[in-house]
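Taken in order, the sequence shown gives residues -27 to -1, 1 to 85; the numbers are from mature numbering (1 follows the signal peptide of the UniProt record, and there is no 0).
All C-beta atoms, glycine included, are put in the ideal place defined by N, C-alpha and C.
Keep in mind it's a predicted model, so treat the numbers as computed, not measured.
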Amino acid sequence: MTATVDGGLRRLLPALAALAFSAGSFAITAQPARAEGGYYTAALAAPLAAPQKVIEGGVLWNCAGTACTAARDTSRPAIVCARLARKVGEVTRFATPKGELAAEDLAKCNSK
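This is the structure we're talking about:
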């Protein structure tokens, strides 16, 4: 009987280790985006009078002078840009870690 229990445990142990590893790696990757560095970065045409925290479309923007940063949203960058422009004025540069918004998309961002 002892041999059967030990054999079963030996077969179960790798599965438990894999499950624990999977749960741990998921917990690490499922952390929300941090607002410190920001996923989105934007430059404004006109500086703000004072630092502001702006909430637009469910996104919290931290703005100071002509620079704004925010955590990632589920919308397309062009839409996020347009929401910010409506709230704080013309945006001269809008970027994510994947790259900057193209000139034509930036023009659309400011026209809405």
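Could you tell me the distance, in whole angstroms, from the CA atom of residue i to the CA atom of residue j?
{"i": "residue 73", "j": "residue 22", "result": "26 Å"}
{"i": "residue -16", "j": "residue 47", "result": "39 Å"}
{"i": "residue 31", "j": "residue 67", "result": "18 Å"}
{"i": "residue 14", "j": "residue 41", "result": "6 Å"}
{"i": "residue 49", "j": "residue 16", "result": "18 Å"}
Excluding sequence positions up to five away, which residues of its chain have a Cβ less than 7 Å from the Cβ of residue i?
{"i": "residue 83", "result": "58, 63, 64"}
{"i": "residue -1", "result": "With a pLDDT of 46 at residue -1, under the threshold of 50, the predicted position of this residue should be treated as unreliable, and no value is reported."}
Got a sec? Which residues, its chain only, sit under 6 Å from residue i by beta carbon, not counting five neighbours each side?
{"i": "residue 78", "result": "51"}
{"i": "residue 85", "result": "55"}
Is it true that the CB of residue j sits closer than 7 Å to the CB of residue i?
{"i": "residue 11", "j": "residue 37", "result": "no"}
{"i": "residue 24", "j": "residue 39", "result": "no"}
Can you tell me the Cβ-Cβ gap for residue i and residue j, rounded? I've got them flagged as a contact below 8 Å.
{"i": "residue 27", "j": "residue 53", "result": "Contact doesn't hold; Cβ gap of about 12 Å is too wide."}
Leaving aside the five residues before and after residue i along the sequence, list all residues of the same chain whose C-beta is less than 8 Å from its C-beta, in chain order.
{"i": "residue 81", "result": "51, 55"}
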